[in-house]
Amino acid sequence: MTPTQPTILAVFAHPDDEAFSVGGTLAHYAQKGVKVVLACATRGEAGKITDPSMTITDLGQHREDELRRATAALGIPDPVFLDYHDSGRYERTRYDDELALMNVNPFAAELKIRDLIDSTKPDILITFDPHGGYGHIDHLIIHRAAAAAFFSSGNLGDGGLMRMYFTALGVEAAKGLARMGQDLDPNIYGVSESTVAVKMDVSAQAERKKAALVAHGSQTGPNSRMGQMSQEERGEMEKRMLGSEGFSIGGTRTSLPTFPLRGLFDGLKGFEALDD
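Residue 0 is where the sequence shown starts when you use numbering that gives the first Met the number 0, and the numbers rise one by one after that.
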């Protein structure tokens with residue numbers, strides 16, 4: 000039996016999560032003929048506008064448009080939205096918004112993702128690690144919902160989804176986030192090298208990933224943490240972020256041929272050539 004088109008489903012919380020975490024990897028596999036489905040839980044309605052030159056009346060619509068430009072830059076299809084609202088952070092936290100992701104029943108979010116798995120039939124699912132990168136409540140909730148959907152989707156009966164990967168933030172990268180002002184312990188939020196199952200070399204996709212980040216201009220403007228970095232700090236971050244992307248194993252329904260793996264599809268029958 001000839002395998003169907005290989006498919007990756009990536010599930011994240013806000014527009015721009017994909018560019019920072021997995022943009023290079025999604026661009027890499029899209030160029031190899033892999034179908035990429037990007038699901039975004041919210042439209043980032045509660046984000047902080049970091050470019051004072053922008054006049055934005057509908058931030059959710061604006062960030063949706065930014066995400067569409069970012070996916071075009073990465074060479075992947077338009078995103079799918081789960082139609083929840085951004086919970087925000089700090090003074091922007093939306094405690095009273097019933098659709099804010101932090102107020103949503105996580106089982107309901109799981110079922111939405113499970114339905115998406117059923118309709119798109121991916122081979123691989125990618126989502127946040129258990130710490131949600133840097134601990135944003137929406138990241139934590141979408142991690143929980145997507146991970147639960149991976150396990151419950153095993154009862155759909157048609158196979159297909161074989162592995163789940165979590166974005167793997169290394170200790171050095173976590174230290175970089177801490178230097179940028181994120182209140183986190185790098186030895187808790189960062190993972191050891193022995194935890195990284197796949198280290199993707201995405202240097203060939205650096206320009207696509209840069210373009211995707213630029214597309215998210217409302218979040219990467221001069222008043223953003225990235226925009227306020229020194230030239231040296233920014234150069235260090237870009238070298239790390241544009242060179243490679245790491246993933247840990249979140250779940251698997253197939254054996255691993257080796258560890259670490261050569262790529263996300265390593266050992267998946269019929270798709271081995273994708274990681275030659």
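Ideal placement from N, C-alpha and C gives every residue a C-beta, glycine not left out.
Contact under 8 Å by Cβ, residue i with residue j
i    : j    : result
Y133 : L176 : yes
A29  : D137 : no
Y188 : F246 : no
L267 : M199 : no
G262 : T49  : no
G159 : D122 : yes
D85  : A45  : yes
P259 : V197 : yes
I141 : T126 : yes
F149 : G87  : no
H27  : Q218 : no
E109 : A147 : yes
V195 : G23  : no
T41  : Y83  : yes
D128 : A167 : yes
R62  : G43  : yes
L155 : D117 : yes
F264 : D275 : no
Backbone secondary structure at residue i - three-state DSSP
i    : result
G262 : coil
A203 : helix
A40  : strand
G163 : According to the sequence shown, residue 163 is Met rather than Gly. Reduced to three states, the DSSP call for M163 is strand.
T1   : For T1, the predicted model reports a pLDDT of 47, less than 50, meaning its position is unreliable and no value from the coordinates is stated.
I187 : helix
T49  : coil
T6   : strand
Y94  : coil
H84  : strand
G32  : coil
A301 : Look at the range of the chain in this structure, 0 to 275, and you will see that residue 301 is not part of it.
A196 : coil
V170 : helix
Of the residues the options, the one placed nearest residue i, counting alpha carbons only
i    : options                : result
Y89  : Q181, M53, T257        : Q181
A173 : T3, Q4, P14, S20       : S20
A71  : I140, A214, Y94        : A214
A107 : R91, D275, L81         : L81
S151 : R252, H27, E271, T24   : R252
A18  : S193, T257, T166, A211 : A211
G220 : P51, D15, D16, E231    : P51
A272 : K111, G32, I75         : G32
R207 : P14, L25, T3, D16      : L25
Check: residue i C-beta below 7 Å from any heavy atom of the ligand ADP
i   : result
D77 : Looking for the ligand ADP in the displayed structure turns up nothing, as the structure carries no ligands at all.
Would the region 32-44 and the region 4-13 be scored as touching if the rule is three or more Cβ pairs under 8 Å?
-> yes
Secondary structure, alpha helix (DSSP H): runs of 4+ residues fully inside the region 206-274 = 230-242
What are the uninterrupted segments assigned as alpha helix (DSSP H) that are 4 or more residues long and contained completely in the region 111-159, given in chain order?
-> 131-134, 136-151
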